[in-house]
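These protein sequence lines are chains A and B, in that order.
Take 34 as the starting number for the first sequence in our numbering and just add one per residue.
Take 23 as the starting number for the second sequence in our numbering and just add one per residue.
Don't be surprised by glycine CBs; every beta carbon is placed ideally from N, CA and C.
For reference, the structure discussed in these notes is given below.
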Amino acid sequence: MKLKGKVAVISGAAGAMGAVEAKLFAQEGAKVLLGDLVEEDGNRVAGEIEASGGQALFHRLDVTKESDWVAAIAAAEERFGPVDVLINNAGVYRTTVIDQTTVADWDDIMAINARGVFLGTKCVIPSMRRAGAGSIVNISSTAGLVGNAVEGAYTASKGAVRMFSKAAAIHYAAEGIRVNSVHPGVIDTKMVEHLMADPELGPLVMSKIPMGRMGTAAEVAKMVLFLASDDSSYTTGSELVVDGGYSAQ
Amino acid sequence: MFAREGARVLVCDVLDEGGQAVADAINSDHGQGTAVFCRLDVSREPDWVQAIGLASETFGSLNVVVNNAGVLSPETITETTVETWDRMVAVNAAGPFLGIKHAVPAMRRVGGGSIVNVASVSAITAGKLGAAYHASKGAIRSLARSAAVQLAGDSIRVNTVFPGPVDTPMLRETYGPSHLSRFDTQHPMGRMAMPEEIAHGVLFLASDESSYMTGSELVIDGGWTAQ
Chain A
34 MKLKGKVAVI
44 SGAAGAMGAV
54 EAKLFAQEGA
64 KVLLGDLVEE
74 DGNRVAGEIE
84 ASGGQALFHR
94 LDVTKESDWV
104 AAIAAAEERF
114 GPVDVLINNA
124 GVYRTTVIDQ
134 TTVADWDDIM
144 AINARGVFLG
154 TKCVIPSMRR
164 AGAGSIVNIS
174 STAGLVGNAV
184 EGAYTASKGA
194 VRMFSKAAAI
204 HYAAEGIRVN
214 SVHPGVIDTK
224 MVEHLMADPE
234 LGPLVMSKIP
244 MGRMGTAAEV
254 AKMVLFLASD
264 DSSYTTGSEL
274 VVDGGYSAQ
Chain B
23 MFAREGARVL
33 VCDVLDEGGQ
43 AVADAINSDH
53 GQGTAVFCRL
63 DVSREPDWVQ
73 AIGLASETFG
83 SLNVVVNNAG
93 VLSPETITET
103 TVETWDRMVA
113 VNAAGPFLGI
123 KHAVPAMRRV
133 GGGSIVNVAS
143 VSAITAGKLG
153 AAYHASKGAI
163 RSLARSAAVQ
173 LAGDSIRVNT
183 VFPGPVDTPM
193 LRETYGPSHL
203 SRFDTQHPMG
213 RMAMPEEIAH
223 GVLFLASDES
233 SYMTGSELVI
243 DGGWTAQ
């Protein structure tokens with residue numbers, strides 16, 4: 034078991050990718066706090082983990098609110114002990130054409146995708162110091178690496194995650210806290226359902242993936258697990274692309 | 023590590039004695055026939071043909087190739103002879119090229135595979151010494167991306183690991199203590215990597231756990247190039 038005895042906090046854990054990560058982590062021996070806005074789904078996933086013999090706790094978490102983060106980390110620590118692993122997985126995806134993007138849209142995307150990662154990192158550090166070390170995995174996107182025509186604000190928010198991860202990695206390296214980013218390509222979840230169903234954009238996006246298929250949430254979760262575990266003990270400030278070759282072109 | 027995870031391994035090197043010793047140790051730990059040693063000069067095409075043929079013949083199939091062999095020469099550009107340049111490029115760049123070239127037909131026969139190239143952070147950022155080394159590692163990086171895009175349709179994945187300073191005899195003998203001390207003082211983690219920390223990354227990319235990764239770059243450098 035790669036995470037035996039570790040305490041993990043996962044944001045956006047009621048969504049497709051977060052739920053798969055939470056279940057995989059529990060299978061690998063972690064005690065998992067699932068944070069999400071969607072209480073019903075979050076409680077259900079936590080219940081499923083407990084029913085299969087794992088340890089899980091749901092806590093309502095709006096990643097844009099500092100007080101929510103403080104409460105979630107405290108709840109994890111109270112139930113399970115100091116936090117060893119944080120997965121900043123929560124995110125929102127919207128296609129936005131730049132000259133038609135409202136400031137409200139921009140702020141919303143930046144608040145969830147970028148401020149959320151900053152706040153999670155900020156609030157978990159004291160707990161990781163008590164644990165003596167830690168691993169933070171931030172979910173960015175291939176949109177944080179290469180540009181595209183329809184995702185202006187999303188691309189900016191994911192670029193922020195990429196560079197923030199490196200800054201945090203260097204700042205906390207001496208304390209044994211590692212910080213890395215994962216950059217999934219097009220993953221077969223609800224988030225991209227709308228995009229891939231578009232009669233023009235869907236086939237265009239698919240034609241640009243060398244592997245010729247979308248990735249699965251499980252394929253991303255295995256990368257996240259690698260970074261969360263001690264198998265990656267010398268990896269920090271790195272960016273791991275899981276995209277079927279999309280951004281290698 | 024690969025043998026421990028259930029693989030049968032063709033151990034290749036130009037060093038017969040050392041290579042045979044590694045294969046013998048694997049066989050004594052994991053059973054006879056787990057590992058076979060084969061002499062391989064990665065810069066020579068006939069050696070690759072022979073090694074890939076032997077692996078396919080001995081084990082029945084070939085699923086993974088790790089292009090790990092490499093040489094290091096810490097010289098400035100003006101000190102670098104054409105001989106040194108050619109040797110760096112032959113081992114560090116032509117080696118992986120030939121490995122990929124000859125692995126592909128064998129991997130196609132079994133419906134796919136995973137190729138892992140070991141580059142270096144020297145492919146990403148430069149130091150003052152070893153221009154030829156940097157150039158040769160930059161070549162692998164681009165070669166791997168090209169191969170990944172080209173071979174995705176064959177279900178052959180190609181990825182690259184970029185180790186930072188690893189505590190090996192190669193590094194210690196090449197540089198000596200005064201140069202290596204910068205890895206303690208100027209390095210975010212303040213230490214070099216252990217070889218096992220690199221091997222875990224190579225294993226991840228070799229295995230099906232990385233099934234949606236191709237053309238990707240795994241940097242294992244303790245934060246060195248994030249700065």
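Start and end residues, alpha helix (DSSP H) containing residue i
i: A:ARG162; result: 149-164
i: A:LYS255; result: 250-261
i: A:GLU54; result: 49-60
i: B:ASN49; result: 38-52
i: A:SER214; result: Premise fails: A:SER214 lies in the beta strand (DSSP E), 210-217, not in any alpha helix (DSSP H).
i: B:SER78; result: 67-81
i: A:LEU178; result: From DSSP, A:LEU178 is part of no alpha helix (DSSP H); its letter is neither H nor E.
i: A:ILE203; result: 185-205
i: A:MET143; result: 136-143
i: A:ASP264; result: Counting along the chain, A:ASP264 falls outside any alpha helix (DSSP H), and DSSP gives it neither H nor E.
i: B:VAL171; result: 153-173
i: B:LEU202; result: 199-202
i: A:VAL238; result: 234-240
i: A:HIS227; result: 226-230
Closer than 8 Å at the beta carbon, the chain A residues around residue i
i: B:PRO210; result: ALA202, ILE203, ALA206, ALA207, THR269 and GLY270
i: B:ALA255; result: This structure cannot settle anything about residue 255 of chain B, because the visible part of chain B is limited to 23 through 249.
i: B:HIS201; result: Going along chain A, no residue has its Cβ under 8 Å from B:HIS201, so there is no contact; the nearest lies around 20 Å.
Neighbouring residues, chain A, relative to residue i (Cβ below 9 Å)
i: B:GLY28; result: What B:GLY28 touches in chain A: nothing, since even the nearest Cβ is about 17 Å away.
i: B:PHE226; result: LYS255, MET256, PHE259, ASP264 and SER265
i: B:ARG167; result: GLY278, ALA281 and GLN282
Identity of the residues DSSP links to residue i by a beta bridge
i: A:ASN121; result: A:ASN171
i: B:ALA57; result: B:VAL31
i: B:ASN89; result: B:ASN139
i: B:ALA215; result: B:VAL188
i: A:VAL130; result: According to DSSP, which records beta bridges pairwise, A:VAL130 is partnered with nothing at all.
i: A:ARG112; result: Beta-bridge pairing links A:ARG112 to no other residue.
i: B:VAL183; result: B:VAL140 and B:LEU240
i: B:ILE220; result: Paired residue(s): none; B:ILE220 is not in a bridge.
i: A:HIS22; result: Outside the shown range of chain A, which is 34 to 282, sits residue 22 of chain A, and nothing can be said about it.
i: A:ILE106; result: A:ILE106 pairs with nothing; no bridge assigned.
i: B:ILE146; result: Its beta-bridge partners do not exist; DSSP assigns none.
i: A:ILE220; result: A:GLY248
i: B:ILE178; result: B:GLY135
For residue i, the first and last residue of its enclosing beta strand (DSSP E)
i: A:LEU273; result: 272-275
i: A:ALA41; result: 40-44
i: B:VAL241; result: 239-242
Whole-number beta carbon distance between residue j and residue i, since they are thought to touch under 8 Å
i: A:ALA41; j: A:ILE120; result: 7 Å
i: B:THR236; j: A:GLY278; result: 4 Å
i: A:MET50; j: A:ALA250; result: 5 Å
i: A:VAL275; j: A:GLY192; result: At roughly 17 Å, the Cβ-Cβ gap does not stay under 8 Å, so A:VAL275 and A:GLY192 are not in contact.
i: B:ALA174; j: B:ARG163; result: About 17 Å; that fails the 8 Å criterion.
i: B:SER229; j: A:LEU273; result: Not really, about 15 Å apart at Cβ, beyond 8 Å.
i: B:GLY244; j: A:TYR205; result: The Cβ separation is near 12 Å, so there is no contact.
i: B:VAL224; j: B:VAL183; result: 6 Å
i: B:PRO217; j: B:VAL188; result: 6 Å
i: B:ASN49; j: B:ASN89; result: B:ASN49 to B:ASN89, Cβ: 24 Å. No contact.
i: A:MET161; j: A:VAL215; result: Not really, about 19 Å apart at Cβ, beyond 8 Å.
i: B:SER78; j: B:GLY117; result: Incorrect: roughly 19 Å between the Cβ atoms, too far for contact.
i: B:GLY135; j: B:VAL86; result: 6 Å
i: A:GLY62; j: A:LEU36; result: 5 Å
Under 7 Å from the C-beta of residue i: neighbouring residues of chain A
i: B:ALA161; result: Correct list: empty, because the minimum Cβ distance to chain A is about 16 Å.
i: B:VAL138; result: Those do not exist, as B:VAL138 stays about 14 Å from chain A at its closest Cβ, beyond 7 Å.
i: B:GLN249; result: ILE203
i: B:GLY245; result: ALA202, ILE203, ALA206, THR269 and GLY270
i: B:ALA115; result: Here the premise fails: no neighbours, minimum Cβ distance about 18 Å.
i: B:GLU219; result: SER266 and TYR267
Under 8 Å by beta carbon: chain B residues contacting residue i
i: A:GLU81; result: Neighbours of A:GLU81 on chain B: none; closest Cβ ~23 Å, over 8 Å.
i: A:ASP248; result: Reading the sequence as shown, one finds Gly at residue 248 of chain A and not Asp. Within chain B, the residues near A:GLY248 are TYR234.
Under 9 Å from the C-beta of residue i: neighbouring residues of chain B
i: A:LEU273; result: MET235, SER238, GLU239, LEU240 and VAL241
i: A:PRO243; result: ALA170, VAL171, GLN172, LEU173, ALA174, GLY175, THR236 and GLY237
Contact list for residue i against chain B, beta-carbon separation under 7 Å
i: A:LYS199; result: ALA248
i: A:GLU252; result: SER233 and TYR234
Any non-hydrogen atom of the ligand GTP within 7 Å of residue i CB
i: A:ALA176; result: The ligand GTP is not among the ligands present in this structure, which contains no ligands whatsoever.
* Could you name each continuous alpha helix (DSSP H) segment of 4 residues or more that falls completely within the stretch 63-90 of chain A, going from the start of the chain to the end? => 72-84
* To do: Mind listing, in chain order, the continuous alpha helix (DSSP H) runs of no fewer than 4 residues lying wholly within the stretch 102-127 of chain B?
  => 104-110
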